[in-house]
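Q: Please find one structure pasted underneath; my questions will follow.
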């Protein structure tokens with residue numbers, strides 16, 4: 001279709017949303033050929049599961065997966081896409097770490113898009129995976 | 001098994017978690033016989049999808065579903081349960097409203113529990129539904 | 001919209017499909033007001049998980065869920081709808097029993113429909129639950 | 001743990017199950033290092049969606065995904081694992097083709113395993129994707 005969005009265009013869109021700004025997501029890599037976007041999410045005190053543990057609650061991880069999957073498709077569609085549904089699987093606790101999130105387009109159809117997201121901690125351990133369907 | 005937790009016990013557990021405190025969830029009804037818990041989540045400025053719209057972003061809705069489903073089971077198990085995976089389906093935008101969330105036990109097994117969550121706005125419209133699996 | 005399909009119209013559609021005929025589904029109840037359809041699926045030797053156990057393999061149960069959820073919406077839309085995605089949760093083995101499957105509309109939108117399906121055995125035990133999204 | 005199963009051991013297990021025999025799955029590749037198994041499923045007349053179309057119904061595709069994901073883990077665990085839940089996303093019709101199904105381990109934990117399955121037609125088009133959780 002049209003030219004894929006570049007990193008600064010995506011970051012400008014991310015900043016527009018109060019909730020995504022709160023998540024603090026930044027784009028660390030973009031590969032239109034592989035249809036992948038990589039984002040980084042820093043830990044915030046509000047995201048802690050139990051006091052003093054520095055462990056992420058699953059809720060913010062799910063929120064990040066929803067957003068990163070969306071932007072893998074946004075790169076090609078040029079606007080935010082409503083989520084139809086998504087699934088998250090949690091594998092390991094994420095403790096005292098930023099999250100490195102790789103979103104990849106699995107399908108970009110006329111009416112529906114699907115993206116997979118892998119979430120790693122800073123040491124490379126796989127924390128959670130997501131699969132999301134968006135309306136196009 | 002043992003006596004189900006009551007409202008004040010569940011609210012004390014909710015308050016312990018920094019993230020759940022941030023969500024601001026309060027228990028509005030509890031029915032051990034129907035295996036249901038109802039919680040209310042107020043809108044926060046940080047949860048807004050686009051500036052000035054008062055529309056909830058899907059991320060906090062997913063976070064609330066994960067938590068309310070968990071507590072439908074916590075009522076009977078007496079402690080927080082790690083989420084194995086969950087699915088969220090979004091039906092309608094939630095605008096300028098608190099969310100009324102009904103969690104219901106679908107299965108309480110030896111190793112795995114499953115709960116369904118329906119999320120309504122204050123006018124009774126169905127905003128989103130969730131289904132989650134927890135380790136017991 | 002238009003008048004909902006009646007039982008004989010739905011059974012005529014079910015028979016058209018070679019695979020659904022093979023499943024042997026019959027409509028046992030239809031309630032347009034509650035947006036529910038109930039179907040019955042008999043056990044077949046080909047569906048057995050391990051030889052001699054008379055236990056259903058999960059695959060045919062998933063197939064039945066996909067179909068029953070579809071027909072909860074077909075009742076109102078009047079034609080077969082392609083499945084976008086679905087989730088199945090298995091609760092208990094189904095042994096030497098027909099399956100009683102209740103499909104219920106959760107959302108009937110302009111472009112997407114969602115249905116829930118509960119699968120019981122003949123004694124009333126909950127065997128599996130499904131949630132499916134269809135293109136309209 | 002122990003030595004991963006080889007191709008003949010897995011095919012012997014597949015043949016034991018009446019339903020998997022009916023699906024006609026054969027192992028075409030096995031890579032213990034990549035934790036991947038590839039299986040082939042031929043079209044059968046019973047799997048046809050509408051008469052004369054040679055198009056696969058989604059039900060058998062879902063059944064195949066459940067089984068191939070299971071065997072990605074069976075390769076390392078040495079016995080069949082009950083499915084806790086799974087999700088299937090359908091992308092394109094599969095017409096007059098065998099299915100080539102690649103199952104890959106995403107997590108092999110103490111109590112739960114997760115596998116992804118990609119289903120292609122014989123021309124290499126991506127037909128459907130699955131993600132499944134099994135009890136270990």
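Residue numbers (my numbering), protein chains in the order written: chain D, 1 to 136; chain U, 1 to 136; chain B, 1 to 136; chain W, 1 to 136.
Heads up, the beta-carbon is just placed ideally off N, CA and C, and yes, glycines get one too.
Remember, predicted model here, so these are calculated numbers, not experimental data.
#1: What span of residues does the alpha helix (DSSP H) with residue 28 of chain B cover, start to end?
#2: Consider the Cβ of residue 114 of chain D: report whether some Cβ of chain W lies at a distance smaller than 8 Å.
#3: Anyone know if the C-beta pair for residue 86 of chain U and residue 88 of chain D falls short of 8 Å?
#4: Mind listing which residues of the region 35-47 of chain U have their C-beta closer than 8 Å to chain D's C-betas, in chain order?
#5: CB residue 69 of chain W to CB residue 103 of chain W, shorter than 8 Å?
#6: Please look up how many angstroms separate the CB atoms of residue 42 of chain U and residue 58 of chain U, rounded, as I've assumed it's under 8 Å.
#7: What's the gap between the Cα of residue 18 of chain B and the Cα of residue 101 of chain B?
#8: Against chain D, with Cβ distances strictly below 8 Å, would residue 89 of chain U count as a contact?
#9: Using only alpha-carbon positions, find the residue among U:13, U:60, U:71 and U:30 that is nearest to residue 99 of chain U.
#10: To the nearest angstrom, how far is it from the Cα of residue 26 of chain U to the Cα of residue 49 of chain D?
#11: Using a beta-carbon distance below 8 Å, is residue 106 of chain D in contact with chain W?
#12: Please report how far the alpha carbon of residue 66 of chain U lies from the alpha carbon of residue 84 of chain W, in whole angstroms.
#13: Using a C-beta cutoff of 8 Å, does residue 72 of chain W count as contacting chain U?
#14: Using the beta-carbon count (16 or more within 10 Å), is residue 97 of chain U buried or exposed?
#15: If we count the other Cβ atoms within 10 Å of its Cβ and call it buried at 16 or more, is residue 12 of chain U buried or exposed?
#16: Just list the beta strand (DSSP E) runs in the region 89-120 of chain D, keeping only unbroken ones of 3 residues or longer that don't cross its boundaries, in chain order.
#17: For residue 123 of chain D, tell me which candidate among D:95, D:20, D:6 and D:130 has the shortest Cα-Cα distance.
#18: Is the shortest distance between the beta-carbon of residue 98 of chain W and the beta-carbons of chain B less than 8 Å?
#19: So which residues of chain W does residue 111 of chain U contact, with C-beta pairs closer than 8 Å?
#20: On the DSSP bridge list, what partners appear for residue 126 of chain B?
#21: What are the residues in the region 117-132 of chain B lying within 7 Å of chain U by C-beta distance?
#22: Please compile the residues from chain U whose C-beta is within a distance smaller than 8 Å of the C-beta of residue 84 of chain W.
#23: Can you check DSSP and say which residues form a bridge with residue 13 of chain U?
#24: Measuring only between beta-carbons, confirm whether residue 11 of chain W sits less than 8 Å from chain B.
#25: Could you please give the first and the last residue of the uninterrupted beta strand (DSSP E) stretch that includes residue 39 of chain U?
#26: Expressed to the nearest angstrom, what Euclidean distance is found between the alpha-carbon atoms of residue 10 of chain D and residue 31 of chain D?
#27: According to DSSP, is residue 50 of chain W helix, strand or coil?
#28: In three-state terms, what does DSSP make of residue 136 of chain W?
#29: Quick one: is residue 79 of chain W near chain B, going by C-beta distance under 8 Å?
#30: Classify residue 131 of chain U: buried if its beta carbon has 16 or more other beta carbons within 10 angstroms, exposed otherwise.
#31: Quick check: the Cα distance between residue 2 of chain B and residue 74 of chain B, rounded to an integer number of angstroms?
#32: If you count every other CB in all the chains shown that lies within 10 Å of the CB of residue 63 of chain W, and 16 or more means buried, which is it?
#33: Please compile the residues from chain D whose C-beta is within a distance smaller than 8 Å of the C-beta of residue 49 of chain U.
#34: Using DSSP bridges, identify the partner residues of residue 86 of chain U.
#35: What span of residues does the alpha helix (DSSP H) with residue 66 of chain B cover, start to end?
#36: Would you kindly report the start and end of the unbroken alpha helix (DSSP H) that includes residue 18 of chain U?
A: Checking against the coordinates, here is how it stands:
#1: From DSSP, residue 28 of chain B is part of no alpha helix (DSSP H) but of the beta strand (DSSP E) over 26-31.
#2: Yes, residue 114 of chain D lies at the interface with chain W (some Cβ there is under 8 Å from its Cβ).
#3: With respect to residue 88 of chain D, residue 86 of chain U sits close: the two C-beta atoms are nearer than 8 Å.
#4: Residues of the region 35-47 of chain U with a C-beta atom less than 8 Å from some C-beta of chain D are 45, 46 and 47, listed in chain order.
#5: It is a contact, given that the beta carbons lie within the stated cut-off.
#6: Not a contact, Cβ separation roughly 17 Å.
#7: Rounded to the nearest angstrom, the two C-alpha atoms are 20 Å apart.
#8: Closer than 8 Å to some Cβ of chain D, the Cβ of residue 89 of chain U qualifies, so yes.
#9: Of the candidates U:13, U:60, U:71 and U:30, the one whose C-alpha sits nearest the C-alpha of residue 99 of chain U is U:60.
#10: The alpha-carbon atoms of residue 26 of chain U and residue 49 of chain D are separated by roughly 17 Å.
#11: True, the Cβ-Cβ gap to chain W drops below 8 Å.
#12: Distance between residue 66 of chain U and residue 84 of chain W, taken at the CA atoms: about 18 Å.
#13: The Cβ of residue 72 of chain W sits no closer than 8 Å to any Cβ of chain U.
#14: Buried.
#15: The residue in question, residue 12 of chain U, is exposed, as its Cβ has fewer than 16 Cβ neighbours within 10 Å.
#16: Runs of the beta strand (DSSP E) spanning 3 or more residues and lying entirely within the region 89-120 of chain D occur at 99-108 and 112-120, in chain order.
#17: Cα-wise, what sits closest to residue 123 of chain D is D:95.
#18: Not flagged as an interface residue toward chain B: residue 98 of chain W, since no C-beta distance is shorter than 8 Å.
#19: Result: 111 and 135.
#20: Beta-bridge partners of residue 126 of chain B (DSSP): B:120.
#21: The region 117-132 of chain B vs chain U, Cβ under 7 Å: 129 and 131.
#22: Simply 84, 112 and 133.
#23: Answer is none; residue 13 of chain U lacks a bridge partner.
#24: Output row for residue 11 of chain W: interface = no.
#25: Its beta strand (DSSP E) spans residues 36-41.
#26: Computed Cα separation, rounded: 13 Å.
#27: In the three-state reduction of the DSSP assignment, residue 50 of chain W falls in the coil class, being assigned neither a helical nor a strand state.
#28: Residue 136 of chain W: coil per DSSP, three-state reduction.
#29: The beta-carbon of residue 79 of chain W is placed no less than 8 Å from the nearest beta-carbon of chain B.
#30: With 16 or more other Cβ atoms within 10 Å, it is buried.
#31: Between residue 2 of chain B and residue 74 of chain B, the alpha-carbon positions lie close to 12 Å from each other.
#32: Burial state of residue 63 of chain W is buried, judged by a 10 Å Cβ sphere holding 16 or more other Cβ atoms.
#33: The contacting residues are 17, 18 and 19.
#34: According to DSSP, which records beta bridges pairwise, residue 86 of chain U is partnered with D:88 and U:132.
#35: From DSSP, the alpha helix (DSSP H) with residue 66 of chain B extends over 58-77.
#36: Residue 18 of chain U -> alpha helix (DSSP H) spans 18-23.
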